[in-house]
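Participant:
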Amino acid sequence: VKRKHSGKDLTIFSEMTALAQQNNAVNLSQGFPDYEIDERLKKLLAEGTEKNFNQYAPMSGLPALVDNLITFNQTRKIPISVSKENITISPGATYGIYTAIAAIVNFGDEVIVLEPSYDSYVPAIEMNGGLPVFVSLKNNFEVDFDALKNAISEKTKAIIVNSPHNPSGKVWKKSDWDQLASIIDSTEIIIISDEVYDILIYDDIEFHSAFHHPKLRERCFCIFSFGKMFHITGWKVGYILASEELSLAYRRVHQYLSFSVNAPSQYALAKYLEIFDANENRKNMQQKRDFFLNEFKDLPFSLKEKAEAGYFQVLGYENISKVSDKEFAIWLTENAKVATIPLSAFYHEETNTGMIRFCFAKKEETMLRAATNLRYL
Ligand code: PMP
Ligand code: GLN
């Protein structure tokens, strides 16, 4: 069968998790929590089926979930005002990104991707006949707006951005959004903004959504994931914010891809939004990041940029080895029994970044086991 994209046959996340299992290694590679989820979520999911939310939900989402997302977004520190025409529930963020791309990209359109970037963007562009155009982030993972401007052509249909950023945890400031808005002001370019770590931001850094920006609001898809928000990556539910026009375009595709999303989960998520404490959630995750940094500070890895958000910390290993990051990640899994993600997995060309990504969305004992294993490097 002819390949439809330049991605891998097996993603790096599947590959490294499998390698971790084979080697009985501590798995700090793929981004998923190993701690218990909130008991109330389990009960609410069961309640969803008991209350007979067992048939198709409406195509754009369960009304109770949509309503509660309107409130949730209005009560953010920097409020995002949305109405039901702007919200579509999706079976996860990966699907949301794919569907947004499918909704707007035509054969031969260019889509700009900022590297390093999450691994699903490029295959999604290519499967829809689009051409990815790559722009490197700076060494500190900030955007090089001159390079971005230079990459724009008449064929540019969209730019995919990601804040908070996977893998680095970098968060876009208001001035970044202003610069982006001014670069695309005289164009028709659409922004696809992956914001799945929106509520996991540390050290009182503020979250700015593209949807909050007056100049971007009418021309962006913002993509969110309950998997990351509520630590339930296996539920695969998320949502999209977009203008009324872009939401219609999105739904024209969505209704023929999955049509609607798992109904009992939507019931549970709607109810959970009424009791969820975002501050508590953020504090717990910040504690995990700090625990990780503290346990790793005496190990021979180098810290370049402390994660401002999300599930991950990137570290350099130049004091341990000069081999490629992929080789190093495999070696570390097999020998030190700690699995990570090589940063080159977030680039389209083969490259050696000298860096690996650790997931700190783990129990303290798990991070401690990893640090102990690494002490005997
Ligand atoms: N975007 C980024 C930046 C991610 O890290 C992830 C992984 N959570 C996703 C999208 C996909 O999220 P989901 O599991 O909801 O598809
Ligand atoms: N978002 C997760 C990560 O970056 C992985 C999701 C996946 O396995 N595709 O680790």
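Counting along the sequence shown from 1, when you hit position 183 you're at 184 in the UniProt record's numbering, and nothing is skipped either side. Glycine is no exception: its CB is placed at the ideal position from the N, C-alpha and C atoms.
(1) Does K156 pass the burial test, meaning 16 or more other C-beta atoms within 10 Å, or should it be called exposed?
(2) Give me the Cβ distance between E196 and S210, rounded to the nearest whole Å; I'm assuming they're in contact under 8 angstroms.
(3) Would you mind sorting A47 into buried or exposed? The rule is 16 or more other CB atoms within 10 Å of its CB.
(4) Distance, Cα to Cα, G131 vs A94?
(5) For S187 and E296, what's the separation of their Cα atoms in angstroms?
(6) Please state the DSSP three-state secondary structure of G239.
(7) For L316, write down the residues that DSSP places opposite it in a beta bridge.
(8) Which first and last residues belong to the beta strand (DSSP E) in which I224 is found?
(9) List the endpoints of the continuous beta strand (DSSP E) containing P133.
(10) Is any heavy atom of the ligand PMP found at a distance shorter than 7 angstroms from the C-beta of S226?
(11) Over what stretch of residues does the beta strand (DSSP E) that includes D195 continue unbroken?
(12) Quick check: L274 and F54, are their CB atoms within less than 8 angstroms of each other?
(13) Which residue spans inside the region 144-170 form an unbroken beta strand (DSSP E) run of at least 3?
(14) Tell me the residue span of the beta strand (DSSP E) that contains S91.
(15) Can you find the residues in the same chain that come closer than 7 angstroms, C-beta to C-beta, to L344, ignoring five residues on each side of it along the sequence?
(16) Taking DSSP as the reference, what is the three-state secondary structure of I105?
(17) When you measure from the CB of T367 to every non-hydrogen atom of the ligand GLN, does any distance come out below 7 angstroms?
(18) Does the region 215-222 come close enough to the region 59-72 that 3 or more CB-CB pairs lie under 8 angstroms?
(19) Closer than 7 angstroms to a non-hydrogen atom of the ligand GLN - does that hold for the CB of P93?
(20) Leaving out five residues before and five after I161 in sequence, what residues of the same chain have Cβ atoms less than 6 angstroms from its Cβ?
(21) So, for L333: in the same chain, excluding its five sequence neighbours on each side, which residues have a beta-carbon less than 6 angstroms away from its beta-carbon?
(22) Rounded C-beta distance between R283 and I202? I'm assuming under 8 angstroms.
Facilitator: Inspection of the coordinates gives the following:
(1) Along the sequence shown, one-based indexing puts residue 156 at 155. Burial call: exposed.
(2) Taking the first residue of the sequence shown as position 1, residue 196 is located at position 195. Taking the first residue of the sequence shown as position 1, residue 210 is located at position 209. The pair is a contact, with the Cβ atoms about 6 angstroms apart (cut-off 8 angstroms).
(3) As a first step, residue 47 is located in the sequence shown; it is residue number 46 there, counting from the start. Flag for A47 reads exposed.
(4) Along the sequence shown, one-based indexing puts residue 131 at 130. Along the sequence shown, one-based indexing puts residue 94 at 93. Roughly 20 angstroms between the two C-alpha positions.
(5) Here the question's residue 187 lines up with position 186 in the sequence shown. Here the question's residue 296 lines up with position 295 in the sequence shown. Cα to Cα, the separation comes out at about 49 angstroms.
(6) As a working mapping, residue 239 is identified with position 238 in the sequence shown. It is a strand residue.
(7) By one-based count along the sequence shown, residue 316 stands at place 315. In the DSSP output, where bridge partners are listed per residue, L316 has L304, I357.
(8) The count along the sequence shown starts at 1 and reaches residue 224 at position 223. 221-226 is the extent of the beta strand (DSSP E) around I224.
(9) In the sequence shown, counting from the first residue as 1, residue 133 sits at position 132. Per DSSP, the continuous beta strand (DSSP E) segment holding P133 begins and ends at 132-137.
(10) Within the sequence shown, the letter at position 225 stands for residue 226. Flag set: Cβ of S226 near the ligand PMP.
(11) Numbered from 1 along the sequence shown, position 194 holds the residue referred to as residue 195. First-last of the beta strand (DSSP E) with D195: 191-195.
(12) Indexing the sequence shown from 1 puts residue 274 at position 273. Indexing the sequence shown from 1 puts residue 54 at position 53. No, the pair does not count as a contact, with Cβ atoms beyond the cut-off.
(13) 157-163
(14) Translated into the one-based positions of the sequence shown, residue 91 becomes position 90. S91 -> beta strand (DSSP E) spans 88-91.
(15) Counting from 1 along the sequence shown, the entry for residue 344 is found at position 343. Same-chain partners within the cutoff: P117, P168, V315, D326, T354, M356, I357, R358.
(16) Within the sequence shown, numbered from 1, the residue matching residue 105 stands at position 104. Correct three-state label for I105: helix.
(17) In the sequence shown, the residue the question calls residue 367 occupies position 366. T367: no, Cβ never under 7 angstroms from the ligand GLN.
(18) no
(19) Along the sequence shown, read from residue 1 onward, the residue named residue 93 stands at position 92. At residue 93 the sequence reads Gly, which differs from the Pro that was named. For G93, the Cβ stays outside the 7 angstroms cut-off from all heavy atoms of the ligand GLN.
(20) For this step, residue 161 is matched to residue 160 along the sequence shown. Cβ neighbours of I161 beyond the five flanking positions: V114, Y122, I193.
(21) On the sequence shown, residue 333 is found 332 positions in, with the first residue counted as 1. Excluding sequence neighbours, L333 sits near V339.
(22) One-based indexing of the sequence shown puts residue 283 at position 282. One-based indexing of the sequence shown puts residue 202 at position 201. So it is a contact: roughly 7 angstroms between Cβ atoms.
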